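For reference, the structure discussed in these notes is given below.
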Amino acid sequence: MTSYIIPCLLAFVTLFALGQKIDVYNALVRGAENGLNVTFRIVPSLVALLTGVSMLRASGALDCLTSLLSPLMNAVGIPPEITPLMILRPLSGSGGLAVGAELMAEHGADSTVGRIASVMLGSSETTFYTVAVYYGAAGILKTRYTIPAALIADLAAFLASVLAVHLFFGL
Numbered sequence: 006m007t008s009y010i011i012p013c014l015l016a017f018v019t020l021f022a023l024g025q026k027i028d029v030y031n032a033l034v035r036g037a038e039n040g041l042n043v044t045f046r047i048v049p050s051l052v053a054l055l056t057g058v059s060m061l062r063a064s065g066a067l068d069c070l071t072s073l074l075s076p077l078m079n080a081v082g083i084p085p086e087i088t089p090l091m092i093l094r095p096l097s098g099s100g101g102l103a104v105g106a107e108l109m110a111e112h113g114a115d116s117t118v119g120r121i122a123s124v125m126l127g128s129s130e131t132t133f134y135t136v137a138v139y140y141g142a143a144g145i146l147k148t149r150y151t152i153p154a155a156l157i158a159d160l161a162a163f164l165a166s167v168l169a170v171h172l173f174f175g176l
């Protein structure tokens, strides 16, 4: 039954458009053209973002930042192994997932580190990627308070993730 939902929806939209005397093919072509234009506006931002993330990991800067922030993480009660995830997650979803997978492979999915990583991945956003895509698509150049507010929300999500795991699992 569920395999018929998409074909039925497409048939309904097409029949409705024909009933409204809309040139369906022309509307489809215009929509595809608009989609490509949006893609061309977004791609430069995405290339810059992904290049930056790759450079951060390949240069060793991520490891250096992790080492520098380790004492602070210990003082706050956050396992220092989580630091690379906290740095990469706002930048890149795939980078965050890769770090999360590495943490789970190294420490185990049921370890404190694995649980915190899982909750962080589920409760935080790829801030810079999202801003690049949506603001790029809308042609907005000045993000004003979006980035600082979103990064504060990410920090709150990171801290809440650690707290939730400690409260839920009593660690």
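Its first residue numbered 6, the sequence shown is counted upward by one per residue in our numbering.
Ideal Cβ placement from N, Cα and C applies to all residues, glycine included.
These numbers were taken from a predicted model, which means no experiment stands behind them.
Could you tell me whether the Cβ atoms of residue i and residue j are closer together than 9 angstroms?
i      : j      : result
Asp28  : Pro95  : no
Pro84  : Leu74  : no
Arg46  : Gly144 : yes
Ser129 : Ala162 : yes
Val81  : Leu164 : yes
Gly98  : Met109 : no
Gly101 : Leu126 : yes
Pro49  : Gly105 : no
Ala32  : Ala22  : yes
Could you tell me if residue i is buried or exposed, where buried requires 16 or more neighbouring beta carbons within 10 angstroms of its beta carbon?
i      : result
Gly113 : exposed
Thr7   : exposed
Tyr150 : exposed
Ser166 : buried
Tyr134 : buried
Leu14  : exposed
Val58  : buried
Leu20  : exposed
Roughly how many whole angstroms lie between the Cα atoms of residue i and residue j?
i      : j      : result
Ala103 : Val138 : 21 angstroms
Val170 : Lys147 : 37 angstroms
Ala63  : Pro89  : 13 angstroms
Ala154 : Asn39  : 30 angstroms
Gln25  : Phe17  : 12 angstroms
Ile121 : Leu67  : 19 angstroms
Met78  : Thr117 : 14 angstroms
Glu111 : Pro12  : 45 angstroms
Ala53  : Glu107 : 24 angstroms
Ser72  : Gly175 : 27 angstroms
Leu41  : Asp115 : 43 angstroms
Leu55  : Ile152 : 17 angstroms
Leu168 : Ile10  : 42 angstroms
Thr44  : Leu51  : 10 angstroms
Gly30  : Gly65  : Just to set this straight, residue 30 is Tyr in the shown sequence, not Gly. Distance between the alpha carbons of Tyr30 and Gly65 is about 51 angstroms.
If contacts are defined as beta-carbon pairs under 8 angstroms, then residue i and residue j qualify, I think. What distance do you get, rounded to the angstrom?
i      : j      : result
Leu70  : Ile87  : The pair is not a contact, with the Cβ atoms about 13 angstroms apart (cut-off 8 angstroms).
Thr131 : Leu156 : Not confirmed; about 12 angstroms, so no contact.
If we cut at 9 angstroms on Cβ distances, does residue i have a partner in chain D?
i     : result
Val52 : Judged by its chain identifiers, the structure shown contains no chain D, having just a single protein chain.
Go through the segment 19 to 80 residue by residue and report every complete run of the beta strand (DSSP E) that reaches 3 residues or more, in order.
-> Residue ranges of uninterrupted beta strand (DSSP E) with 3 or more members are absent from the segment 19 to 80; none lies entirely inside it.
Taking the runs of the alpha helix (DSSP H) that are 4 residues or longer, which of them lie wholly in the segment 121 to 158?
-> 132 to 143
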